[in-house]
Amino acid sequence: MAHEAAGRLYVVATPIGNLGDLSPRARAVLSDCALVAAEDTRHTGVLLKAFGIQTPQLSLHDHNEKQRASDIIQRLRQGDSVALVSDAGTPAISDPGFELVRAVAAAGFEIIAIPGPCAAIAALSIGALPTDRFCFDGFLPARGAARRKRLQSLATEARTLVLYEAPHRVRETLEDCAAVFGDERSAAVSREITKMHEMTYRGSLRELLARAGADADFGRGEIVLLIAGAPQQIASVARGADGHGGALDRVLKILLTELPLKQAARLAAQITEARDNEAYKRALHLKQEFASHS
Ligand code: SAM
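For the sequence shown, the working numbering assigns the number 39 to the initial residue and increments by one for each residue that follows.
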């Protein structure tokens with residue numbers, strides 16, 4: 039039950055580049071509430087100033103979110119409404135906010151969404167990859183080995199994968215994606231959505247890597263990466279794995295029809311979590327079996 043006469047927490051999405059995307063409702067809430075809790079008060083100060091909004095701000099970032107939550111709950115109890123914003127887009131989506139929202143919900147206050155821009159959803163809406171089911175994985179680990187391990191854990195994911203990526207890492211990440219998912223997997227890279235240099239590149243991972251090598255602008259600005267889900271055959275074979283032997287052979291039989299032996303063995307090992315040398319040996323065996331039957 040929400041407290042009577044208590045304030046509300048408004049979770050307010052702000053533009054990801056184009057100020058025209060601040061909704062009239064967001065503007066009204068930012069003007070009318072008692073306090074704006076902002077990831078970076080200087081950054082949000084620019085936005086508030088652009089709209090002539092003079093609401094006082096309080097900083098709320100990853101390192102003080104838990105402490106700030108109790109201060110904000112105190113304000114709500116006194117009847118003040120508070121707006122939560124991040125630097126850009128929707129708070130709590132790869133941004134601070136989750137801890138506050140959880141604490142405010144647990145304390146029984148009302149939480150209202152003021153929806154608007156979100157880079158992940160904007161990229162999905164224009165990526166030309168399936169949108170009926172998708173899986174958002176935020177930022178991959180920055181270090182190579184950890185990043186590849188995360189990608190391997192996603193190798194059989196059938197839903198479209200949505201990732202945020204830093205511009206200076208996008209090429210390396212595409213290379214890792216090609217190594218783990220196979221370079222024929224469809225993907226899209228959207229950069230600078232809603233800004234002057236907005237651009238979306240679409241194609242296979244191989245084509246996108248070629249583009250990254252040829253186009254100096256490819257890795258500039260803010261980037262969302264979309265990767266098509268695993269082909270249904272791979273995803274379902276991996277799901278129905280009846281031990282390495284059965285699953286490994288079934289995955290290899292599919293991959294060997296499309297890929298060279300080494301690549302098929304490497305991918306099959308990642309998909310079924312078999313050892314590389316075991317997958318390679320089975321691949322050789324199956325290839326010889328195919329040859330003797332044809
Ligand atoms: N909360 C934000 C949202 O709702 O989109 C995301 C915050 S996260 C810290 C910032 C990342 O979002 C960037 O590194 C980039 O991957 C992505 N991003 C933000 N704005 C973008 C834009 N205009 N174009 C493309 N990607 C963007």
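From the three backbone atoms N, C-alpha and C, an ideal C-beta is built for every residue, glycine too. Just so you know, these numbers come straight off a predicted model, no measurement behind them.
First and last residue of the beta strand (DSSP E) that includes L73? For L73, the enclosing beta strand (DSSP E) covers residues L73 to A76.
Mapping the DSSP letters down to three states, classify E213 as helix, strand or coil. Three-state result, E213: helix.
Hey, out of R115, A144, P153 and T198, whose CA is closest to I131's CA? Checked all of R115, A144, P153 and T198; the closest Cα to I131 is P153.
Looking at the ligand SAM, does it come within less than 6 Å of Y48, judged from the CB to the closest heavy atom? The ligand SAM never approaches Y48 closely enough for any of its heavy atoms to be under 6 Å from the residue's Cβ.
Can you tell me whether R258 is helix, strand or coil according to DSSP? Three-state DSSP puts R258 in coil, outside helix and strand.
Close-in-space but distant-in-sequence residues of the same chain around D175 (CB under 8 Å, 5 per side omitted): When the five nearest sequence neighbours on each side are left out, the beta carbons in the same chain lying within less than 8 Å of the beta carbon of D175 are those of R188, L192, L199, V200 and L201, in order along the chain.
Which same chain residues end up closer than 7 Å to K291 when comparing Cβ atoms and leaving out the 5 residues on each side of it in sequence? Around K291: L324.
Check whether the Cβ of D133 sits closer than 6 Å to any heavy atom of the ligand SAM, and report yes or no. For D133, the shortest C-beta to heavy atom distance toward the ligand SAM is below 6 Å.
Does the beta-carbon of A321 have 16 or more other beta-carbons within 10 angstroms, so that it is buried, or is it exposed? With 16 or more other Cβ atoms from the protein chains shown falling within 10 Å of its own Cβ, A321 counts as buried.
How many angstroms separate the CA atom of P205 from the CA atom of K104? Rounded to whole angstroms, the separation of the alpha carbons of K104 and P205 is 30 Å.
R240, DSSP secondary structure in three states: It is a strand residue.
Out of curiosity, what's the CA-to-CA distance linking G182 and V208? Cα to Cα, G182 sits roughly 12 Å from V208.
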